[in-house]
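Undergrad: What follows is a single structure, and I will ask about it in a moment.
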Amino acid sequence: MSVKQHTAATGNGHGHGNRDHGHHELPFWRKYIFSVDHKVIGIQYAVTALVFLFFGFSLMMMMRWQLAYPGQPLPLIGNLLGETAMPGGVMAPEFYNQLGAMHGTIMVFMGVVPLAVGGFGNFVVPLQIGAPDMAFPRLNMASYWVFLPGCIAMVASFFLPGGAAQSGWTSYPPLADIAPTGQTMWLFAMVLIITSSLLGSINFIVTIVQMRAKGLSFWRLPFFVHAQLVTAFLLLLAFPPLEAASVMQIMDRVAGTSFFLPTGLVVSGEPLKVAGGGNPLLWQHLFWFLAHPEVYVLILPAMGIVAEVIANNTRKPLWGYRLLVYSVVSLGFMSFVVWAHHMFMTGMGTTMSTFFQITTMIISIPSVVILTCFIMSLYGGNIRFTTPMLFATAFLPMFAIGGLTGLPLGLTASDIYLHDTFYVIGHFHYVVAPGTLFALFAGVYYWYPKATGRQLNEKLGKVHFWLSFVAINFVFMPMFFQGMAGLSRRLYDPTVYAHGRGVQALNVLISWGAWGLGLAQLFFVVNFFLSLKKGARVAENPWNATTLEWAAPSPPGHGNFITEPVVYREPYEYSVPGKSNDYSPQFRAEG
Amino acid sequence: MSETVIPYMVKPHPVTGIPNGKFGIWLFLASEVMLFGALFSSYVLIRTGMPHWPPEGGLSSEVLNVPLATLNTAVLITSSITMVLAWASCKMGSLPRFRLWMGATIALAFVFLVVKYFEYSHKFHLGHTPSHDNFYAVYFTMTGLHGLHIVGGIIVNGYLLGPGTKLWAKDPEHFTNRVENAGLYWHFVDLVWIFLFPSLYLL
Amino acid sequence: MDAAQHEDVSKHMGQYYVVFVALLCLTAVTVGVSYLHLARPAAIAVALVIATVKAGMVAAVFMHLISERKVIYAVLIITAVFFAILLLLPNLTTFEHHSGLPGT
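Residue numbers (my numbering), protein chains in the order written: chain A, 62 to 652; chain B, 77 to 279; chain C, 2 to 105.
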């Protein structure tokens, strides 16, 4: 029983795949809502993710008010959020904690990963390997429709009595075990989101291994596909322990078990009436077993995008393609054995601490190799600073800062001082925000023409880039100094401490940077919607790129390709000596 | 009817040698290994952190119902062979015999759940609920999650026995592949119990 | 279904029944051994060895792993490595846990 066919994602829809055995218009709800077409699903994920990125960002913009002006009523919206969350327009500490926990959760699980993997992965991978769709189109649809209810549950938790989850995105027990109902909703939503992710990862692996076009051997795959393959394995094998842990925390909260509750726990002066015998660190092990590979899930697709954009805009092959592939595979493997560097302060003995310190130092090597290959790829290139290239190039020093600042955290001695300070927040945001997020923006500007048949406006794009680039550094660079001054993270009012007061001026700077960063995104939002109607129309290959997705029409129609694609060469044959063109696409027989 | 034909849905891929579905189900089982692996790891961590196990004294085999669980083990093992026979019937071209053996597999799965029901309700009767102590927390959570997987298997197998057989008429090889994949899942559920039974009841 | 597949499967039916009987017997053995109340380490070792043999038979014969393709073996080996890490490392770390107090 074959899968039904679907029309193009948006707009033109011209171009019918050779595997089109007859035209059958689907009703609106089958074409755009419950679609099994990877392009529609990819756009569903991408749009949902972008909405949640902006929502998660808004949560943080509210937090930044409290941090810059502690105890001051929040202008405009302070009185709109109710007396529990904002008594007299001033943020309550419990609400601050909710904003913090939900900002992290939403950005990671409902923003970055769904955009990087669900969005870009679903849309681009089948096109880049010359496939008509994913291996399991209905499973793909199911993945999205399990994901969305999880997101809705997550957001709905704000409206529960006691509010949303407020024990950090890390949900550490014992606190998370006894937190208000929102935490149970968080756990339930995570189970849905994790399940969606597992189903998706199965799809990616089978598709990439089984459905490549003729001539597309593993060593001819675009680096983006290698990155997505490794990412899929990370999701497949690292998520289940968190699912198990979530089940156990649900049991603790709902069935009164003591998986994570130690004997003799006292809450608010009263001994907690549970059996005890549990271990809070068990949660930490299971959580970080997922959450460390998760951060590589956040960065790997981004590295993939940067690779594609750099090769295309330097008009030369990627430097060290095979080295990149070996590095990304070893990065994936190592990511499973470093997790307890998040637990150096939990009383681990010296042997295990040393083990995790060593593995953490080792894992920086493939990261550095990848970054070096990207930088070497720029050398001698005929560089076009298009908007995607601006974002991709900025990724390089930003990721470098993020990576380098991770080193003192991976070394146990320095981590003693820096753990749970703003230094940590600066470190991981550098990697994810001007790192991954910039790469994702590069991807949007790069592949928007393929998805919609129109270009995004270059001027607006450049304004978006420069404003974001400047603002984002004002947001995160000062955090390193705050952390080194000893300022703790997850602190409602930094000014209660003398060392907090010492760096309070930086909080004002950071907050204004964050609000500026928020405003800068308006240029992107306006561009995104305006270009749908007014953007310059494009043909199949507006960037003169070499990979397979640029053989399909823009946007692609039924079955993606007009004729079955065949691959004749490596993925980045730019500026080949002796050829008249500065690029030789993979899919063209003669160079 | 218009269709996007997905290659290697039924026929094996020339290089890997397997169709998509078989690859997919093995990947799913790999994730399940990590799921139950996390629970087994947690069991070891919690148990070794307590001075006595069961915490109230005695032995696991005294507190839990070994005869019933042994029966259930035999039931699951039998359901595995009937599942194999269901698949073999498909390979040998006989839909009626497939129906017989798949029906038997589902029936045995229900027997497993019924026995579990008696086990659980006896425990609840004695006040031995998950909150009673971590021994029961572990017991109920691990066997409960396993039980949910049995329910999942019943649903999948039930679909194949019922509306799913429509595919046999159109594409018997595709249907047989589906039965084989469902079988792989079912054997895995049996496999988990093979470790769960001694770990919880006998040690 | 062609005759070759017919024959293929019917040849293996014998193997399936042998495994079925072996599984039931090993179940009886594992329950029987538990009544011997061996010392803890021996009891765990015996129980796990028997369970592994049973599981191995289910995997090799019922799940056709014995004649499976390299790609599946590769997936399972990778999984086995991470399963072992998940089982060992949290427990090793917990054994070496110190509460920070002197003498612990």
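All C-beta atoms, glycine included, are put in the ideal place defined by N, C-alpha and C.
For a quick check, are the C-beta atoms of residue 613 (chain A) and residue 516 (chain A) less than 9 Å apart?
TA: No, the Cβ-Cβ distance between residue 613 (chain A) and residue 516 (chain A) is not below 9 Å.
Undergrad: Once you ignore the five residues that flank residue 351 (chain A) on each side, which residues in its own chain have a CB closer than 7 Å to its CB?
TA: Result list for residue 351 (chain A): 299, 300, 302, 303, in chain order.
Undergrad: Can you name the residues of chain B whose CB is closer than 7 Å to the CB of residue 93 (chain C)?
TA: In chain order: nothing, as chain B lies at least about 10 Å away.
Undergrad: Between which two residues does the alpha helix (DSSP H) carrying residue 518 (chain A) extend?
TA: That residue, residue 518 (chain A), is in no alpha helix (DSSP H); it is neither H nor E in DSSP.
Undergrad: Put residue 328 (chain A) into one of helix, strand or coil per three-state DSSP.
TA: Residue 328 (chain A): strand per DSSP, three-state reduction.
Undergrad: Is it the case that the CB of residue 90 (chain B) approaches a heavy atom of the ligand HEM more closely than 8 Å?
TA: Ligands in the displayed structure: none, and consequently the ligand HEM is not present.
Undergrad: For residue 409 (chain A), which residues of its own chain have a beta-carbon under 7 Å away from its beta-carbon, when the five flanking residues on both sides are left out?
TA: Correct list, in chain order: 401.
Undergrad: Rounding to the nearest angstrom, what Cα-Cα distance links residue 555 (chain A) and residue 442 (chain A) in this structure?
TA: Near 48 Å, if we compare the C-alpha coordinates of residue 442 (chain A) and residue 555 (chain A).
Undergrad: For a quick check, are the C-beta atoms of residue 226 (chain B) and residue 189 (chain B) less than 9 Å apart?
TA: Yes; because the gap between Cβ atoms is below 9 Å, this pair is in contact.
Undergrad: Could you please give me the residues that DSSP links to residue 175 (chain B) through a beta bridge?
TA: For residue 175 (chain B), which the question treats as bridged, DSSP gives no partner whatsoever.
Undergrad: Under a Cβ-count criterion, where at least 16 other Cβ atoms within 10 Å of its own Cβ denotes burial, should residue 340 (chain A) be classed as buried or exposed?
TA: So residue 340 (chain A) ends up on the buried side.
Undergrad: Taking Cβ to Cβ, would you say residue 284 (chain A) is nearer than 9 Å to residue 392 (chain A)?
TA: No; because the gap between Cβ atoms is not below 9 Å, this pair is not in contact.
Undergrad: Answer yes or no: do residue 305 (chain A) and residue 253 (chain A) have a C-beta to C-beta separation smaller than 9 Å?
TA: No. Outside cutoff.
Undergrad: Can you list, in chain order, the residues of its chain with a C-beta nearer than 7 Å to that of residue 539 (chain A)? Leave out the 5 residues immediately preceding and following it.
TA: Contacts found: 567, 570, 571.
Undergrad: Closer than 9 Å, CB to CB, is residue 82 (chain C) near chain B or not?
TA: Not closer than 9 Å to any Cβ of chain B, the Cβ of residue 82 (chain C) fails to qualify, so no.
Undergrad: Using C-beta distances below 7 Å, list every residue in its chain close to residue 178 (chain B), excluding the 5 sequence neighbours before and after it, in chain order.
TA: Cβ neighbours of residue 178 (chain B) beyond the five flanking positions: 162, 233, 236, 237.
Undergrad: Counting only C-beta atoms, is residue 89 (chain B) closer than 9 Å to chain A at any point?
TA: Yes, its Cβ sits closer than 9 Å to a Cβ of chain A.
Undergrad: I'd like to confirm the pairing. Which residues does DSSP put opposite residue 635 (chain A) in its beta bridges?
TA: For residue 635 (chain A), which the question treats as bridged, DSSP gives the partners A:644.
Undergrad: If the criterion is Cβ atoms closer than 9 Å, does the pair residue 292 (chain A) and residue 195 (chain A) meet it?
TA: Not a contact, by the Cβ cut-off of 9 Å.
Undergrad: Taking C-alpha atoms, which residue in A:147, A:295, A:421 lies nearest to residue 132 (chain A)?
TA: Nearest of A:147, A:295, A:421 to residue 132 (chain A), Cα basis: A:147.
Undergrad: By the three-class DSSP mapping on this structure, what secondary structure does residue 627 (chain A) have?
TA: Reduced to three states, the DSSP call for residue 627 (chain A) is strand.
Undergrad: Using the rule of at least 16 other Cβ atoms within 10 Å of the residue's Cβ for burial, across every protein chain shown, is residue 406 (chain A) buried or exposed?
TA: Residue 406 (chain A) comes out exposed.
Undergrad: Can you grab the Cα-Cα spacing for the pair residue 257 (chain A) / residue 106 (chain A), in whole Å?
TA: Cα to Cα, residue 257 (chain A) sits roughly 12 Å from residue 106 (chain A).
Undergrad: Check whether the Cβ atoms of residue 277 (chain B) and residue 214 (chain B) sit closer than 9 Å, and answer yes or no.
TA: Their beta carbons are not under 9 Å apart, which means residue 277 (chain B) does not touch residue 214 (chain B) by this criterion.
Undergrad: Within 10 angstroms of its Cβ, does residue 388 (chain A) collect 16 or more other Cβ (buried), or is it exposed?
TA: Burial call: buried.
Undergrad: Can you give the Cα-Cα distance for residue 149 (chain A) and residue 130 (chain A), rounded to whole angstroms?
TA: When rounded, the distance between both Cα atoms is 15 Å.
Undergrad: Once the 5 residues before and after residue 494 (chain A) are set aside, which same chain residues still bring their CB inside 7 Å of it?
TA: Hits under 7 Å: 533, 537.
Undergrad: Taking the Cβ atom as the reference point for each residue, do residue 209 (chain A) and residue 145 (chain A) lie within a distance shorter than 9 Å?
TA: No, the Cβ-Cβ distance between residue 209 (chain A) and residue 145 (chain A) is not below 9 Å.
Undergrad: Return the residues of the stretch 187-220 of chain A that lie within a Cβ-Cβ distance of less than 9 Å from chain B, sorted by chain order.
TA: Result list: 192, 193, 194, 195, 196, 197, 198, 200.
Undergrad: Counting only C-beta atoms, is residue 82 (chain A) closer than 9 Å to chain C at any point?
TA: Annotation note: pLDDT 47 at residue 82 (chain A) (below 50); position unreliable, coordinate value reported separately. So no, residue 82 (chain A) is outside the interface.
Undergrad: Determine which residues of the stretch 271-297 of chain A have a Cβ less than 8 Å from any Cβ of chain B, and write them out in chain order.
TA: If the cut-off is 8 Å between Cβ atoms, the stretch 271-297 of chain A has 271, 272, 297 near chain B.
Undergrad: If you draw a straight line from the C-alpha of residue 174 (chain B) to the C-alpha of residue 166 (chain B), how long is it?
TA: When rounded, the distance between both Cα atoms is 6 Å.
Undergrad: Cβ closer than 9 Å: which chain A residues qualify as neighbours of residue 86 (chain C)?
TA: By Cβ distance, chain A contributes 350, 397, 398.
Undergrad: Give the range of the alpha helix (DSSP H) segment to which residue 155 (chain A) is assigned.
TA: Counting along the chain, the alpha helix (DSSP H) containing residue 155 (chain A) begins and ends at 154-166.
Undergrad: Determine the burial state of residue 128 (chain B): buried for a count of at least 16 other Cβ atoms within 10 Å of its Cβ, exposed for fewer.
TA: With fewer than 16 other Cβ atoms within 10 Å, it is exposed.
Undergrad: Per DSSP, residue 243 (chain A) forms a beta bridge with which residues?
TA: The partner list for residue 243 (chain A) (beta bridge, DSSP) reads A:225.
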